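Protein chains in written order, with the working numbering: chain W, 4 to 601; chain D, 7 to 638. Cβ coordinates follow ideal geometry from the N, Cα and C atoms, glycine included. Treat the numbers as computed from the prediction; the structure is a model and nothing was measured.
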Ligand SMILES: [Zn+2]
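Here it is in structure tokens:
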């Protein structure tokens, strides 16, 4: 089990919907469970039959992790739990758990009530689904079961967005979800520690973009809005109720205040106050600035932004309207678009990415006419602007994240194929890392070196440490450990030989040799011993040669001198079989001496 | 590693209160001199009030003992909750401390409020004189002054800049977040259920686990419930922070408090509740407001006065992830988790930084309920209200914080006409709960303060107010004592490189037990060990000299088991050594060969004696012997 498998059920070389299957160490984890906004049929949900053609999904999937509340990451969750029947654990952060059901319900209403589709999940299903969710906090190590562990990191992007580290034993994967490496007006930058995952699965929406400075983009945005209202036009800003909307509101509100502008700004009613309340309550998830000042002034109490009322759409003159959803695929934003698009004075600003198939995507690609299901045709004469305000990491940010967490492999998802290709080359070049980009339904197998964990007896480690520290410091000298590995079933333990024998329940058999050499050295034995000590120390540099009680010892080799003064000495050399090389070497030295002396 | 950093604020009770407006009563208290005293240095340091002696000086506090520990050598301080970090600036600043402090986000944020409030209380009423001679004549002073513990080590409070510097050393951790300490240990904060962000700590290595349990509660109040599962089966459980009021039930006290408040208000009196800026006070707002509603006293205003009141109320409502499930679920609606947000919005609860803040004097009307600090009644706005209301028997002061004996707190204000009610609310574990917890956690060794092993001195016969010591190894500790914990580490987890692992071939010595002798390179980085293949360096070739002891280890094998003597002799024969004479000895055999060669064999060893000159013979014998023995 040294392979990690990643199978995108969505977000493989596309941006439509995120749903990725991860297999690691015998565990199956589903990363995100998103819905595709570009489809109106079954294709909007991930193909769960891929996981388990028939039979329950629950027994196959160990857990589902949702990175943030955007519907392309969580939209299919009620479908999975209430219709497909998954009943295992689901994890997301507290803000995601709070906000996701609001967006799900909003989408359900649009789909079922406005488009009249049946065969979709119900309000009750959303509620039942959310009851099964376990909320996690940042950096908490959560054990899903005995082996599977998950940990969330701050991802920026939207309130509550998180990256997740998933690990089984020594293997680990980081899944980024959507993230942002530069702090914005209300959120902080993504952060992760040097956790060195085997695989980093990263989004790559802006794989090839290095976005110009934040300030420039903001100035551009304000300039365009002001130009349009100056000529009496209406500005439509399609947004999702939570996320970018809050940042743009902060931006416009403070600009209106500063420039003393009077043109009305509206925000689609209903969600506004509620949405801002979430921001107030989860203010710990915003950035330092917002956090520090929240007691004195709450950034989400806007002065110039008023709730939108349906009757305002007929009002003459300039106005700015924030309306959901963000990709002009349904709801109020699409309604207003149809009304305002035929007039040159008006403007639509798309502040984020649009999925293929949505009206947003069409007009961004220059479509001058849009045909709707009911044969209604709308001319697009209003100006169409695109401002990249969605908070994804750009190429620089992605490279930065790789640098932070030092993965062994990188896998790109949530991006367009050609752009991924470019980034992949860049990653290979700069980091010398293998980089993958599987398509939907394609299995990507990544072989990881397996790590083996061994218990080492502390006395063994300590004795090595004592030896090491006794020598003059030299970082280049290799440290060597010698011991006996005891293997009992799956348990591995390294210990010294005597401990090992005891552990294995066997007796060691010690072989010892003793040889005698006769030396002509007419001096007291103690003098002879000193002479020999000097000689050995000279010949055996790097060894510890010790003289105690008239005997010399080197490792297990013992040299003993016998005989009176003024006569021939008997020198006994004794050693164990393990020190054969050393013992016979010392014996050689003595024998050669004997020759010289006689 | 230091566990918590609490400050003993009790010492402040020996000092005169610091009123916001000069009090003629306090100014006119008679000086007190011991009869035997000779010098006049003591002049003016001590004052007498109703036969209690107080020091007339800026109050002093007793930080953790120094001299036992060199604070500059501390690596880590773990903080359990915001009430046990008030000495932090004393330790982290100007002691050479270089380590890190770990605490949860609420502990840091609310701890900051506690520290800032304390500093502000002391600084807004500066005292010119600093009494010190009384410490020299301690033996001449009456009780309780003469019983002061090491008053020479007492210190004046730190400054705001010390607080900022100290708090900047805190690294924030989440519950269940494993923090690596120099690669050697992991520390993890787990929920303790006592207050917002309060934690117990797990200190663990690969195989050993020490749990530090302090300030825990199993009652349901506003914080997240205590996580007991993770504390199970540890080698050592250090248990402290049990209730300071073991004989009363906090729920009963809360009930009595509500009754006392209602009774006072109905009689047109006002109520003072001295409190800290966070904690139980949130529960008091909640319970009291609903009790007043049901007693048709809804129109009675509640005032919360603290330099950090706004921050405290604000923060408490954004810490959803640290709250009980009920409170947590409210933010999903989204509604503020604490009702005090609503009480503030509707004007029932009004908060001010100080009594002289804008608006307070115009808003203030009686009867009312005032929440303000400090519970010691030595500084803070509470001093003002006691002075203001003390002579009127219609008013009531209710003591809820268990940290100070209420009669001592009131001593410098005597004689008082105002009613005093004692309703201590301490949600920490009581002895019954603690004993139950210990039984469930099953630690190998339990460490508790000495005081928990005997009945409290006020209730010498309550044998239920002690920690059970049966069927468990218990170490009791006292202030200033050094004990060694019974944790012996035996093994460490080390990574073995797979390339090396592939080459290891074990010998089966018993069914299912394999042994393999290995010599390998050891990489040590940040206290983490890695065993790698030991790369050979350069051409070894014909090395004449033995350069490194390690070189000899490379091919090493170890022999084991018994030597089959018949097989051995037979092999000797086959190899041409025919004149072996085998002789039995007490422990085994002795084999005599030609000349002076002799082999001594017993169960666990074989010893070959041989002339140096007979090298060839010796090597031959060695070979044969090794063929006859098992090895690994
Ligand atoms: Zn997103």
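CA-to-CA distance, residue j to residue i, given in whole angstroms
{"i": "residue 349 (chain W)", "j": "residue 343 (chain W)", "result": "7 angstroms"}
{"i": "residue 101 (chain W)", "j": "residue 135 (chain W)", "result": "13 angstroms"}
{"i": "residue 88 (chain D)", "j": "residue 174 (chain D)", "result": "15 angstroms"}
{"i": "residue 114 (chain W)", "j": "residue 302 (chain W)", "result": "33 angstroms"}
{"i": "residue 287 (chain D)", "j": "residue 420 (chain D)", "result": "26 angstroms"}
{"i": "residue 125 (chain W)", "j": "residue 111 (chain W)", "result": "7 angstroms"}
{"i": "residue 524 (chain W)", "j": "residue 586 (chain W)", "result": "22 angstroms"}
{"i": "residue 156 (chain W)", "j": "residue 287 (chain W)", "result": "14 angstroms"}
{"i": "residue 389 (chain W)", "j": "residue 72 (chain W)", "result": "23 angstroms"}
{"i": "residue 626 (chain D)", "j": "residue 565 (chain D)", "result": "17 angstroms"}
{"i": "residue 548 (chain D)", "j": "residue 584 (chain W)", "result": "Legend: pLDDT at residue 548 (chain D) = 42, less than 50; position of this residue unreliable, no value from coordinates given."}
{"i": "residue 457 (chain W)", "j": "residue 502 (chain W)", "result": "16 angstroms"}
{"i": "residue 104 (chain D)", "j": "residue 270 (chain D)", "result": "53 angstroms"}
{"i": "residue 298 (chain D)", "j": "residue 399 (chain D)", "result": "21 angstroms"}
{"i": "residue 42 (chain W)", "j": "residue 381 (chain W)", "result": "20 angstroms"}
{"i": "residue 290 (chain W)", "j": "residue 264 (chain W)", "result": "28 angstroms"}
{"i": "residue 1 (chain W)", "j": "residue 363 (chain D)", "result": "This structure does not reach residue 1 (chain W), given that chain W is present from 4 up to 601, and the question cannot be answered."}
{"i": "residue 577 (chain W)", "j": "residue 564 (chain W)", "result": "12 angstroms"}
{"i": "residue 391 (chain D)", "j": "residue 253 (chain D)", "result": "30 angstroms"}
Residue i: CB within 7 angstroms of a non-hydrogen atom of ligand 1
{"i": "residue 510 (chain D)", "result": "no"}
{"i": "residue 161 (chain W)", "result": "yes"}
{"i": "residue 189 (chain W)", "result": "no"}
{"i": "residue 181 (chain W)", "result": "yes"}
{"i": "residue 71 (chain W)", "result": "yes"}
{"i": "residue 297 (chain D)", "result": "no"}
{"i": "residue 332 (chain W)", "result": "no"}
{"i": "residue 76 (chain W)", "result": "yes"}
Status (buried if at least 16 other CB within 10 Å, exposed otherwise) for residue i
{"i": "residue 5 (chain D)", "result": "Outside the displayed range of chain D (7 to 638) lies residue 5 (chain D), so it cannot be described from this structure."}
{"i": "residue 572 (chain W)", "result": "buried"}
{"i": "residue 397 (chain D)", "result": "exposed"}
{"i": "residue 247 (chain D)", "result": "buried"}
{"i": "residue 145 (chain D)", "result": "exposed"}
{"i": "residue 48 (chain W)", "result": "buried"}
{"i": "residue 467 (chain D)", "result": "exposed"}
{"i": "residue 117 (chain D)", "result": "buried"}
{"i": "residue 33 (chain D)", "result": "exposed"}
{"i": "residue 514 (chain D)", "result": "exposed"}
{"i": "residue 140 (chain W)", "result": "buried"}
Own chain partners of residue i with C-beta closer than 7 angstroms, once the 5 adjacent residues on each side are dropped
{"i": "residue 13 (chain D)", "result": "67, 69, 92, 93"}
{"i": "residue 176 (chain W)", "result": "7, 25, 27, 169, 200, 201, 202, 204"}
{"i": "residue 224 (chain D)", "result": "199, 232, 435, 439"}
{"i": "residue 18 (chain W)", "result": "208, 356, 358, 417, 418, 419"}
{"i": "residue 189 (chain D)", "result": "532, 533, 534"}
{"i": "residue 469 (chain W)", "result": "none"}
Nonlocal neighbours in the same chain, by C-beta distance under 6 angstroms from residue i, ignoring five residues either side
{"i": "residue 546 (chain D)", "result": "With a pLDDT of 47 at residue 546 (chain D), under the threshold of 50, the modelled position of this residue cannot be trusted, and the question is left open."}
Residues near residue i by beta carbon distance below 8 angstroms, same chain, minus five either side
{"i": "residue 4 (chain D)", "result": "Nothing in the structure corresponds to residue 4 (chain D), since chain D is present only between 7 and 638."}
{"i": "residue 210 (chain W)", "result": "398, 401, 415, 418, 419, 422, 423, 425, 426"}
Check: residue i C-beta below 7 angstroms from any heavy atom of ligand 3
{"i": "residue 137 (chain W)", "result": "Looking for ligand 3 in the displayed structure turns up nothing; the ligands present are ligand 1."}
Next item on the list: Would you list, in sequence order, the uninterrupted beta strand (DSSP E) runs of no fewer than 3 residues that lie entirely inside the region 119-200 of chain W?
Entry: 136-139, 151-157, 165-171, 174-178
Item checked: Within the region 371-437 of chain D, ranges of the beta strand (DSSP E) (whole runs, at least 3 residues) -> 375-378, 402-405, 425-428
Check: In chain order, what residues of the region 178-196 of chain D put their CB closer than 8 angstroms to some CB of chain A?
Finding: This model lacks chain A altogether, as its protein chains are W and D.
Check: Mind pulling the alpha helix (DSSP H) runs of 4 or more residues that sit fully within the region 498-527 of chain W?
Finding: 500-507
Note to self: If we require 3 or more residues per run, which beta strand (DSSP E) segments fall completely within the region 100-161 of chain D?
What the structure shows: 106-110
Margin query: Give the list of continuous beta strand (DSSP E) stretches no shorter than 3 residues that lie fully inside the region 15-71 of chain W.
Written below: 22-27, 30-34, 66-68
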